[in-house]
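First comes the structure, then the notes that go with it.
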Ligand code: ATP
């Protein structure tokens with residue numbers, strides 16, 4: 115097999131299903147490129163775009179709060195939320211980014227709100243990136 119099946123799933127639905135020659139994700143220790151027939155493993159993912167590359171095509175998916183399960187013939191990403199470029203409301207993400215930035219400026223670093231705002235900012239930045247770059 116020279117491709118691997120890829121599925122991105124949230125508690126609500128299957129957001130993406132396709133085949134890849136390589137899948138690029140951001141694991142806890144940095145960027146990982148997974149090829150078909152990789153040995154099985156599981157890793158948490160950072161809030162980041164997931165790239166699914168195939169011959170001549172590349173799909174981009176905004177993923178937050180996720181885990182990736184790699185098997186030889188299938189990569190499954192389980193995420194709290196995941197969006198395709200065409201489903202992203204960039205204006206909403208922009209508003210969310212500004213709200214998060216305001217909260218970061220207003221709260222102390224040891225505050226729970228600070229951590230929440232950092233995560234919200236990261237989600238917004240990834241959505242803006244995927245929503246503006248990945249549109250076909
Ligand atoms: P917001 O402050 O705009 O609600 P958020 O980061 O708090 O953003 P989440 O809690 O991560 O939002 O997501 C809630 C639901 O809304 C998820 O189903 C997610 O896919 C969807 N969603 C969030 N932001 C966007 C967006 N900009 N465009 C499309 N769907 C979005």
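Residue numbers (this note's numbering): 115 to 250. A virtual CB, placed ideally from N, CA and C, is assigned to each residue, including glycine. Because the structure is a prediction, the values reported are computed rather than measured.
When distances are taken from the beta-carbon of residue 237 to the heavy atoms of ligand 1, the shortest one is below 6 Å.
Cβ-Cβ distances below 8 Å link residue 145 to 138, 139 in the same chain, with the five nearest sequence neighbours on each side left out; the list follows chain order.
Rounded to the nearest whole angstrom, the CA to CA distance from residue 220 to residue 130 is 37 Å. Of the candidates 152, 116, 175, the residue whose Cα lies closest to the Cα of residue 240 is 175. Between residue 179 and residue 162, the gap from beta carbon to beta carbon reaches 7 Å or more. Note on geometry: alpha-carbon atoms of residue 196 and residue 147 lie some 19 Å from one another. For residue 220, the enclosing alpha helix (DSSP H) begins and ends at 204 to 220. Counting other Cβ atoms within 10 Å of its Cβ, residue 238 reaches 16 or more and is therefore classed as buried. Taking the Cβ of residue 176 as the reference point, every heavy atom of ligand 1 lies at 6 Å or farther away.
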